[in-house]
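*Asks:* Quick note, the sequences are listed as chains P and C, same order. No gaps in the numbering here: position 82 of the first sequence is 108 in my numbering, and each next residue is one more. No gaps in the numbering here: position 6 of the second sequence is 32 in my numbering, and each next residue is one more. Even for Gly, the Cβ is constructed at its ideal location relative to N, Cα and C. No experiment lies behind these values; they were computed from the predicted model shown.
2 protein chains.
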Amino acid sequence: MELIYTYKSILFLVQIMAELPTAAIIRIAKANGAERVGSDAAEILVKKAEAYIGELAKEASRLAAHAGRKTIKAEDVEMAAGNA
Amino acid sequence: MELIYTYKSILFLVQIMAELPTAAIIRIAKANGAERVGSDAAEILVKKAEAYIGELAKEASRLAAHAGRKTIKAEDVEMAAGNA
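#1: Round the Cβ separation of residue 107 of chain C and residue 82 of chain C to the nearest angstrom and send it over; I've been treating them as touching at under 8 Å.
#2: What number of angstroms, rounded off, separates the C-alpha of residue 61 of chain C from the C-alpha of residue 96 of chain C?
#3: With a threshold of 6 Å on Cβ separation, who are the neighbours of residue 63 of chain P within its own chain once the five nearest residues in sequence on each side are excluded?
#4: So, using beta-carbon positions, are residue 87 of chain P and residue 59 of chain C closer together than 8 Å?
#5: In whole angstroms, what is the alpha-carbon distance linking residue 45 of chain C and residue 72 of chain C?
#6: What are the residues of the region 80–95 of chain P that lie near chain C, defined by any Cβ-Cβ distance shorter than 9 Å?
#7: When the distance is taken between beta carbons, is residue 76 of chain P closer than 8 Å to residue 70 of chain C?
#8: For residue 94 of chain P and residue 99 of chain C, what's the separation of their Cα atoms in angstroms?
#9: Taking only three categories from DSSP, how would you classify residue 62 of chain C?
#10: Could you confirm whether any beta carbon from chain C is found closer than 8 Å to the beta carbon of residue 59 of chain P?
#11: Going by other Cβ atoms of all chains shown within 10 Å of its Cβ, with 16 needed for buried, is residue 67 of chain C buried or exposed?
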């Protein structure tokens with residue numbers, strides 16, 4: 027019983043490190059009026075969110091490079107969000 | 027006692043998972059060409075991602091309701107992403 031719990035804890039940790047946690051996505055969805063979220067829907071929400079972050083990061087990287095920086099700053103993300 | 031302790035650890039982990047983890051956001055950003063991500067930029071990326079998920083969920087909820095459902099399905103999210 028205890029072993030199963032710790033094994034699950036490790037699985038949780040691995041999930042945290044691997045991708046956006048489904049639990050967080052569902053929480054955000056419910057905070058925005060979703061009554062119930064199917065597991066297939068949650069999965070696609072995760073993928074869409076990851077794609078969105080990726081697009082933002084890509085554009086923010088371009089903007090940082092344009093400003094002669096290697097480090098993305100808040101202003102790059104803000105501008106990227108405006109352009110996206 | 028030990029059981030209670032492990033149970034609490036799991037609750038703690040679930041709580042951690044209730045927010046979008048900055049580490050995951052930075053990982054996604056780096057996978058999309060970001061060389062370095064400032065902490066201010068990471069914070070805004072998290073906020074933008076949460077806002078995006080919220081918008082998607084809101085539209086997906088509307089579409090689910092329109093189809094006479096309370097449960098959001100993958101097709102609602104897909105359509106919401108197309109409309110967003």
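*Replies:* A quick look at the data gives this:
#1: For a cut-off of 8 Å, the C-beta gap from residue 107 of chain C to residue 82 of chain C is around 6 Å, short enough to register as a contact.
#2: Rounded to whole angstroms, residue 61 of chain C to residue 96 of chain C spans 42 Å at the Cα level.
#3: Excluding sequence neighbours, residue 63 of chain P sits near 52, 55.
#4: Judged by their CB atoms, residue 87 of chain P and residue 59 of chain C are nearer to each other than the 8 Å cut-off.
#5: Put simply, the backbone Cα of residue 45 of chain C is about 9 Å away from that of residue 72 of chain C.
#6: Legend: CB atoms of the region 80–95 of chain P lying less than 9 Å from CB atoms of chain C belong to residues 80, 81, 82, 83, 84, 86, 87, 88, 90, 91, 95.
#7: No.
#8: Approximately 44 Å, taken between the alpha carbons.
#9: Note: residue 62 of chain C maps to strand in three-state DSSP.
#10: Yes, its Cβ sits closer than 8 Å to a Cβ of chain C.
#11: By the 10 Å Cβ count, residue 67 of chain C comes out buried.
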